[in-house]
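Working notes, beginning with the structure itself.
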Amino acid sequence: MPVSSLADGRKSWQLRDRNAQLTRWFAYFAAVAIFMWCWKKISDSTTWFFVWDAPRIASDIGSRAFPPRWSYMDKLWEPLWDTLNIATLGTLLALVFAVPIAFLAARNTTPSAVFVRPIALLIIVSSRSINSLIWALLLVAVIGPGVLAGLIAIALRSIGFCAKLLYEAIEEIDHKQVEAVTATGAGPLQVMAYGILPQIMPAFAGVAVFRWDINIRESTVLGLVGAGGIGVQMQASLNTLAWPQVALILLVILLAVIVSEWVSAKVRGAII
Amino acid sequence: MNTAALETRIGKPWAKPAFIRNPYLRWALYISAAVYLVLAVSSIEVNWARVSEGLVRGWNFLASFAEPDFLSRGRDIREGMIESAIMTVASTVVGIAISVPIGLGAARNIAPLPVYLICRGIVALSRALNEIIVAILMVAIFGFGPLAGFITLSFATIGFLSKLLAEDIEDMDRVQAEAIRATGSSWPQWINYGVQPQVMPRLIGLSMYRLDINFRESAVLGLVGAGGIGATLNTAFDRYEFDTAAAILIIIIATVMVLEYLSGVIRARVQ
């Protein structure tokens, strides 16, 4: 039997005092009120008839999509190769830009903490806050549909991600090693190559593979806005309501994601 | 004394050890990487005429960042932003509410094996499916509007939050949990006093981070008709109204920066 109350029913112990408890209840109340308001807004702009009809629609789509149209696979190899290229080349391109930006953004390697660092951080945050699909939308409008737009979109989105993780790794390096290399009379570039790089190499490889894995996932949908890859086929199949083809494409994407995750886990395991 | 003779006397000069020890494997990797790069780059078709024509447009777009147009489509932007914010909040709340029990179930040290396998299966499914793909299916099933986006984001939150929560529970200090157990606590009390205090700081941190991610994702769900600011942005791009698009992008970046700062402050306070 719990001993949190005395024989006469008063509490002998409670987690928080009265004021803390009241503040807590008020915070919960406000949170619930905000959530209910949000829910009401969503509910107002929903056609509930469609939602009640949803199970029927779902089973209808399911029955149309099954079995997948396996013969369509012939047309998927090339987009799949494009998807792989978008992800891989995009990651490489991003790393080329992310490394210098990371060094400019890290507190211990930046040339100027007042001018250069904020600019580098701004680049990182703008690149990170815009989804690759929006970058792709923008690039398709600018340089036309195709693999190139997707590649650059992936690269632009990845710069911020890679640079952020890299500069955090640079800030966490052991300073003694850098000092030891400096004490041998090494120049700034030599300090970089022998004092800093070996320490961030595992983080760098980990980040690169991790981002590559994410980029494979993202490049599968870039085609929806016309930026190349297997998404183009999916958009075309969706537009013609060819559900068996959509089912096959979804299966292929799922498989690609699983394979890429497996590869990245293996590579990271080998490096770290 | 020439260098060769010197080397025999003092031994070989130090050379940086290679990244991969085995020379055959190293060269095989280098060569296959080079072959892949050549193949990949050559398979990209680029219409250079179109690109050079587009560069002018790209420059116009960059220039429009200098004078973004918040006003002429102000109403659409405001409505889109409010819808995005609503979807973000609602889906984060529901996502957390669902992912806490699933996270408990996916932690091997507190869940029995069958529960563990089911919960891990849900997590894997949610992580494997891209948000956009889920959104397309949800729009097809539930119709256009923020409900489809809300369901998509809630579903995506489950994969992220449950997985990280489960990993944190698996890493927890067993001693504390055992001490609570030893007082004769029931299972809910054990979770509440033994496990929850240990994972709460991280859960709050992750929830804030997920709020941030959900907002960013909600900005693209509109592209496939699932509500939010993405639809407005898409229209702006389609009409080449770059000044409006720039305004929307600036608002998104600013909101993400504020959210990131807030989540940083909150995470620093709870940890």
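Heads up: the sequence lines are chains D and H, in that order.
At position 248 of the first sequence (counting the first as 1) the number is 248 in our numbering, and the numbers step up by one without a gap.
At position 121 of the second sequence (counting the first as 1) the number is 1121 in our numbering, and the numbers step up by one without a gap.
Idealized CB from N, CA, C, for every residue including glycine.
**Asked** How about GLY144 (chain D): is its C-beta nearer than 7 Å to some C-beta of chain H?
**Response** yes
**Message:** Distance cutoff 7 Å, beta carbons only. Does PHE1160 (chain H) sit that close to anything in chain D?
**Reply:** no
**Request:** Would you verify that the beta carbon of VAL232 (chain D) is, or is not, closer than 7 Å to some beta carbon of chain H?
**Result:** no
**Request:** Could you confirm whether any beta carbon from chain D is found closer than 7 Å to the beta carbon of ILE1252 (chain H)?
**Result:** yes
**Endpoints, alpha helix (DSSP H) assigned at TRP81 (chain D)** = 77 to 105
**Residues of the segment 23 to 48 of chain D whose Cβ lies closer than 7 Å to any Cβ of chain H, in chain order** = ILE34, PHE35, CYS38, TRP39, LYS41, ILE42, SER45, THR46 and THR47
**Asked** Considering only residues of the same chain and omitting the five flanking positions on each side of PRO953 (chain H), which have a CB-CB separation below 8 Å?
**Response** Residue coverage of chain H in this structure runs from 1001 to 1271, which leaves residue 953 (chain H) outside it and unanswerable.
**Prompt:** Are any of the Cβ atoms in chain H nearer than 7 Å to that of ALA54 (chain D)?
**Reply:** yes
**Item:** Span separating the alpha-carbon of ALA1097 (chain H) from that of ALA1148 (chain H)
**Value:** 18 Å
**Asked** How is PHE115 (chain D) classed by DSSP in three states: helix, strand or coil?
**Response** coil
**Item:** Candidates H:ILE1204, H:ILE1180 and H:PHE1150: closest to LEU1165 (chain H) by CA position
**Value:** H:ILE1204
**Asked** Is ALA265 (chain D) near CYS162 (chain D), with beta carbons less than 7 Å apart?
**Response** no
**Item:** Within-7 Å CB hit, ALA1040 (chain H) to chain D
**Value:** yes
**Asked** In terms of residue numbering, what span does the alpha helix (DSSP H) encompassing ASN1234 (chain H) cover?
**Response** 1229 to 1238
**Item:** Length of the line joining the Cα atoms of ILE1158 (chain H) and ALA1268 (chain H)
**Value:** 24 Å
**Asked** With 16 as the cutoff for other CB atoms within 10 Å, does MET1 (chain D) come out buried or exposed?
**Response** In this prediction, MET1 (chain D) scores a pLDDT of 42, lower than 50, which makes its location untrustworthy; the coordinate-derived value is nonetheless stated afterwards. Result: exposed.
**Asked** Roughly how many angstroms lie between the CA atoms of GLY1230 (chain H) and GLN1176 (chain H), to the nearest whole one?
**Response** 47 Å
**Prompt:** Which residues in the same chain have their Cβ closer than 6 Å to the Cβ of ILE1020 (chain H), if we skip the five residues on either side of it in sequence?
**Reply:** ARG1026
**Asked** chain D partners of PHE1142 (chain H), CB-CB under 8 Å?
**Response** THR46, PHE50, VAL51 and ALA54
**Message:** Along the chain, where does the alpha helix (DSSP H) containing ALA186 (chain D) start, and where does it finish?
**Reply:** Careful: ALA186 (chain D) lies outside any alpha helix (DSSP H) and carries neither H nor E.
**Message:** Please tell me whether, using a cut-off of 6 Å, the distance from the CB of ASN19 (chain D) to the nearest non-hydrogen atom of the ligand COA is below it.
**Reply:** As for the ligand COA, it is missing from this structure, which has no ligand bound.
**Prompt:** Of all the CB atoms in chain H, is at least one closer than 7 Å to the CB of ILE134 (chain D)?
**Reply:** yes
**Request:** Would you kindly report the start and end of the unbroken alpha helix (DSSP H) that includes ARG1202 (chain H)?
**Result:** 1196 to 1221
**Prompt:** Out of curiosity, what's the CA-to-CA distance linking GLY231 (chain D) and SER1043 (chain H)?
**Reply:** 18 Å
**Request:** Name, going along the chain, the residues of the segment 1206 to 1230 of chain H whose beta-carbon falls closer than 8 Å to a beta-carbon of chain D.
**Result:** ARG1216, GLU1217, ALA1219, VAL1220, LEU1223, VAL1224, GLY1227 and GLY1230
**Among D:LEU224, D:ILE34 and D:MET36, nearest to TRP135 (chain D) - alpha-carbon criterion** = D:LEU224
**Asked** Hey, how far is the Cα of LEU166 (chain D) from the Cα of ARG128 (chain D)?
**Response** 14 Å
**Request:** Go through its chain and collect everything with a Cβ distance to ASN215 (chain D)'s Cβ below 7 Å, but skip five positions before and after it.
**Result:** ALA87, GLY90, THR91, ILE154 and SER158
**Prompt:** Thinking C-alpha only, which one of D:GLN245, D:LEU254 and D:GLU261 is nearest ASP213 (chain D)?
**Reply:** D:GLU261
**Prompt:** Since ALA58 (chain D) meets chain H, which of its residues come closer than 7 Å, beta carbon to beta carbon?
**Reply:** ILE1141
**Message:** Do VAL140 (chain D) and ILE1132 (chain H) count as a contact pair if the criterion is CB distance below 7 Å?
**Reply:** no
**Below-7 Å beta-carbon distance, ALA306 (chain D) vs any chain H residue** = The requested residue 306 (chain D) is not part of the displayed model; chain D covers only 1 to 272.
**Request:** Would you decide whether LYS11 (chain D) is buried or exposed? Buried here means 16 or more other CB atoms lie within 10 Å of its CB.
**Result:** exposed
**Asked** Grouping DSSP H, G and I as helix and E and B as strand, with all else coil, what is GLY144 (chain D)?
**Response** coil
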